[in-house]
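In order, the protein sequences belong to chains R and V. So that you can map any letter, position 10 of the first sequence is 10 in this note's numbering, and since no number is skipped, the others follow by simple counting. Position in the second sequence counted from 1, then plus 230, gives you this note's numbering. Working notes, beginning with the structure itself.
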Amino acid sequence: MNWFVRFLTSSIGKKLIMSLTGLFLCLFLVVHLAGNLQLLLDDGGEAFNIYAYIMTHNPLIKAVSYGTYFFIILHAIQGIILAIQNRKARKSKYSVTVTRTTGTNSFAARQMALLGSLILVFIGIHMGDFWWKMKSGQTSMEKYDSFQFEVQNLYEKVDATFANEWIVLFYVISMIGLSFHLLHGFQSAFQTLGLNHSKYTPFIKGLGKGFAIIVPALFALIPIYYMFIK
Amino acid sequence: MKLNLKVWRQKGASTGGKFETYTVEANEHMSFLEMLDVLNEQLIAEQREPVSFEHDCREGICGTCSMVINGHPHGPMKGTTTCQLHMRHFNDGETITIEPFRSNSFPVIKDLVVDRAAFDRIIQSGGYISVNTGQAQDGNAIPIEKDLASEAFDAATCIGCGACVAACPNASAMLFTSAKVSHLNMMPQGEVEATQRVLNMINQMDSEGFGACSNITACEAECPKEISVKNIARVNREYFAAVLASEKNPSK
Numbered sequence: 001m002n003w004f005v006r007f008l009t010s011s012i013g014k015k016l017i018m019s020l021t022g023l024f025l026c027l028f029l030v031v032h033l034a035g036n037l038q039l040l041l042d043d044g045g046e047a048f049n050i051y052a053y054i055m056t057h058n059p060l061i062k063a064v065s066y067g068t069y070f071f072i073i074l075h076a077i078q079g080i081i082l083a084i085q086n087r088k089a090r091k092s093k094y095s096v097t098v099t100r101t102t103g104t105n106s107f108a109a110r111q112m113a114l115l116g117s118l119i120l121v122f123i124g125i126h127m128g129d130f131w132w133k134m135k136s137g138q139t140s141m142e143k144y145d146s147f148q149f150e151v152q153n154l155y156e157k158v159d160a161t162f163a164n165e166w167i168v169l170f171y172v173i174s175m176i177g178l179s180f181h182l183l184h185g186f187q188s189a190f191q192t193l194g195l196n197h198s199k200y201t202p203f204i205k206g207l208g209k210g211f212a213i214i215v216p217a218l219f220a221l222i223p224i225y226y227m228f229i230k
Numbered sequence: 231m232k233l234n235l236k237v238w239r240q241k242g243a244s245t246g247g248k249f250e251t252y253t254v255e256a257n258e259h260m261s262f263l264e265m266l267d268v269l270n271e272q273l274i275a276e277q278r279e280p281v282s283f284e285h286d287c288r289e290g291i292c293g294t295c296s297m298v299i300n301g302h303p304h305g306p307m308k309g310t311t312t313c314q315l316h317m318r319h320f321n322d323g324e325t326i327t328i329e330p331f332r333s334n335s336f337p338v339i340k341d342l343v344v345d346r347a348a349f350d351r352i353i354q355s356g357g358y359i360s361v362n363t364g365q366a367q368d369g370n371a372i373p374i375e376k377d378l379a380s381e382a383f384d385a386a387t388c389i390g391c392g393a394c395v396a397a398c399p400n401a402s403a404m405l406f407t408s409a410k411v412s413h414l415n416m417m418p419q420g421e422v423e424a425t426q427r428v429l430n431m432i433n434q435m436d437s438e439g440f441g442a443c444s445n446i447t448a449c450e451a452e453c454p455k456e457i458s459v460k461n462i463a464r465v466n467r468e469y470f471a472a473v474l475a476s477e478k479n480p481s482k
C-alpha cells in the first residue's frame, strides 16, 4: 500500500483527519458567529443583509465556503466510519458499563458520534431554513443607502423562522449538543495532534471549556432573542 | 461477610457464555482472588466446575490477573490490580458482577480468562532494544537526566494487563502501546531504533483489530499503574514524525 494512504487509514491517521477538520470547523464557528451576532443589532437587518451579500459574492469567501462544506462532510463521514469500527472492536458487550475518565467530560467523550449526528441533522435543517431559501431566491430584495447593490433580505427569513417555537427549541437543543461535542472535541483535537504539555495543556483545556460554553450559548441566544425579547 | 456473585461462565472461545450466580462467605481481609479461591473450593466440594481466572504473582506487579468487577477492570479502586483489591471495599450482602475483559482482540479462553497474545505480538514488533548480551554495563556509563529517567520509568511501570483495552469504550490499545513505545524511545538505548519501533508497533496494533483512540481517558482512569495519556500524545507526535519525515516504513 502507498505509504500516504496507509498513514491516513491507520488509527492515528484517521484521528488526525478528525482533529484537523474539527479544528477548522471550530474556526468556522467563530467566523459564522461573528457574522450572525449582527442579527442582534437594532437596525432592521441592514448590517446583516449586507454582510450576507458580501459572504455570498466574494470569490475568496465562496472558495472557503466550499472548503467548509467539504470538511463538514469529511469530518462526518470519517467520524461515522470510526464510530462503527470502534463499536465493532467489542462485539460482546459488558453487562455493567461505567466509564470513568480523567481529563474530559465522560458523557461527551462517549457520545461524540451521537452528538455529531445531531449536529449533522441540525446543519441540514439549518441550511434548508436559510441557505437554500437564499440560493433559490425565496427572499425579497432590499436596497440600502449605505451599500451600492440591491441585497437579498435574509433578515426577514430569520425573523419569520424564529417565530416558530419548535424551530427555536430545536436550535437551542442542537446548540446544547454542539456544546457537549466541543467540550470533548476541542481539547481532544490537540491531544491527537500530540500536543500534551504540562505548560500548555491546562490552557488548552480551559480555552476548550470556555469555547464550548460561550460559542454555542451565543448562537442559541439569537433564536431566543427573536422569540422572547425582540 | 456474605456476597452474591454474578460470574460470567463460558466454556470456550467459540461457545457463548452466560452469567451464573453464587453465594460466598468471605472475610473482609481477603483479596478479591482469595475470595474467588473460596468460591472455587466450594464449587469443587459440590463437584461443580470451578471458575477459571488468571493470576500469578498476587503482588500487583505481573499483570496476569484481569477481570471486570462491577464495570471496572481490576475493580473500583483506583490504581489497584484485582489481586491487590481487598474485600473490605465491598459491603456485606452486596451483589458483585464479574466479567472477563471484553474485546474482539482478547478472545475468551474460558470463563474470566482471555487471550492477550495480541499484546505479545505488539511487543514482538518493536518493544525491545537490539543489543548484544554480555556483561552488564556500569549503571552510570550513559548519563540520563533524572526527570527523563523518571518519566520513562512511569511509562515502564505498565504491566501489560490489558485493563486499558477493557476500559476503553472503543477497545483501543493505545495506552498500552504508547507506554511501551515511550519507555524505550525516551531512553538513549531505545532512541537508536525509535523511528522503526513506533512505525512497527502502531502498525501491529492496528492489524490486531483494536479500536482507535478517541481520547476518552477511561484507560488512564482505570489503569492499575495509572499510566498517563501523555504517552498517547507522545506516540502520536513520534508517529507523525516517523511517517512524514523519515525514509522508513513499517517492517511488514
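Using N, Cα and C, we set each Cβ at its ideal position, and we do this for glycine too. All figures in this text were calculated on a predicted structure; none of them were measured in a lab.
Asked	Found
Spatial neighbours of valine 459 (chain V) within its chain, please: CB distance less than 6 Å, with the 5 preceding and 5 following residues excluded, ordered by chain position.	Thr447 and Glu450
Specify whether the segment 180-200 of chain R and the segment 96-109 of chain R touch according to this definition: at least 3 beta carbon pairs, one from each stretch, less than 8 Å apart.	yes
Report the neighbours of lysine 460 (chain V) on chain R: residues whose CB is nearer than 7 Å to its CB, in chain order.	Asn196
Closer than 9 Å, CB to CB, is leucine 27 (chain R) near chain V or not?	no
Using a threshold of 9 Å, state whether the C-beta atoms of proline 223 (chain R) and valine 151 (chain R) are closer than that.	no
My parser needs the alpha helix (DSSP H) runs of 4 or more residues fully inside the segment 398-472 of chain V; what are they?	404-415, 418-421, 424-437 and 448-452
Along chain V, in chain order, which residues have C-beta atoms closer than 7 Å to that of isoleucine 12 (chain R)?	Ile432, Asn466 and Tyr469
Spell out a yes or no on whether the segment 368-378 of chain V and the segment 431-440 of chain V are touching, meaning 3 or more CB-CB pairs, one atom from each, closer than 8 Å.	no
Residues in the same chain with beta-carbon distance under 6 Å from methionine 231 (chain V), minus the five sequence neighbours each way, listed in chain order, please.	Ala256, Glu258 and Asp322
Closer than 9 Å by beta-carbon distance: list the chain V residues that pair up with asparagine 151 (chain R), in chain order.	Going by the sequence as given, residue 151 (chain R) is valine instead of asparagine. By Cβ distance, chain V contributes nothing, its closest Cβ being about 44 Å from valine 151 (chain R), past 9 Å.
By the DSSP assignment, the beta strand (DSSP E) with asparagine 247 (chain V) in it spans what residues?	Inspection of the sequence shows that residue 247 (chain V) is occupied by glycine rather than by asparagine. 247-255 is the extent of the beta strand (DSSP E) around glycine 247 (chain V).
Look at the alpha carbon of serine 146 (chain R) and the alpha carbon of histidine 184 (chain R), and state the distance between them as a whole number of angstroms.	43 Å
Between the alpha carbons of valine 288 (chain V) and glutamate 456 (chain V), how many angstroms are there, rounded?	According to the sequence shown, residue 288 (chain V) is arginine rather than valine. Distance between the alpha carbons of arginine 288 (chain V) and glutamate 456 (chain V): 18 Å.
For lysine 14 (chain R) and glycine 364 (chain V), what's the separation of their Cα atoms in angstroms?	43 Å
Name the DSSP beta bridge partners of methionine 141 (chain R), please?	R:Gln152
Cβ closer than 9 Å: which chain V residues qualify as neighbours of threonine 104 (chain R)?	Asn445, Ile446 and Thr447
In this structure, does DSSP put histidine 126 (chain R) in helix, strand or coil?	helix
Listed from N- to C-terminal order along the chain, which residues in the segment 114-129 of chain R have their beta-carbon within a distance smaller than 7 Å of any beta-carbon of chain V?	none
So the candidates are V:Phe331, V:Met417 and V:Arg239; which of them puts its Cα closest to the Cα of proline 399 (chain V)?	V:Phe331
Per DSSP, glutamate 279 (chain V) is paired with what?	Answer is none; glutamate 279 (chain V) lacks a bridge partner.
Among the residues of its own chain, which have a CB less than 8 Å from the CB of alanine 47 (chain R), if the five just before and after it don't count?	Gln38 and Leu41
Using a 10 Å radius around the Cβ and a threshold of 16 neighbouring Cβ atoms, would you call aspartate 368 (chain V) buried or exposed?	exposed
Pull out every residue of the segment 284-307 of chain V whose Cβ sits closer than 7 Å to any Cβ of chain R, in chain order.	Val298, Asn300, Gly301 and His302
Can you give me the start and stop residues for the alpha helix (DSSP H) that leucine 182 (chain R) sits inside?	165-192
For the segment 206-217 of chain R and the segment 298-306 of chain V, state whether three or more C-beta atom pairs, one from each stretch, are separated by less than 8 Å.	no
Would you list the residues sitting across from lysine 340 (chain V) in a DSSP beta bridge?	V:Val343
Rounded to whole angstroms, how far is the Cβ of proline 268 (chain V) from the Cβ of valine 281 (chain V), which I believe are closer than 8 Å?	Before going further, note that residue 268 (chain V) is valine rather than proline in the sequence given. Not really, about 11 Å apart at Cβ, beyond 8 Å.
Look up histidine 285 (chain V) in the DSSP assignment and say whether it is helix, strand or coil.	coil
Look at alanine 348 (chain V) and threonine 425 (chain V) and say whether their C-beta atoms are less than 9 Å apart.	no
List the residues of chain R that glycine 439 (chain V) touches, going by C-beta distances under 7 Å, in chain order.	Ala89
Glutamate 329 (chain V) bridges to which residues according to DSSP?	V:Val298
Whose CA, out of R:Ser174, R:Phe149, R:Leu193 and R:Asp159, lies closest to the CA of leucine 120 (chain R)?	R:Ser174
State buried or exposed for lysine 410 (chain V), treating a residue as buried only when at least 16 other CB atoms are found within 10 Å of its CB.	buried
Using a C-beta cutoff of 9 Å, does glutamine 187 (chain R) count as contacting chain V?	yes
Whose C-alpha, out of V:Gly390, V:Gly356 and V:Arg467, is nearest the C-alpha of leucine 414 (chain V)?	V:Gly356
Of the residues V:Ile274, V:Cys292 and V:Lys236, which one's Cα is nearest the Cα of alanine 393 (chain V)?	V:Cys292
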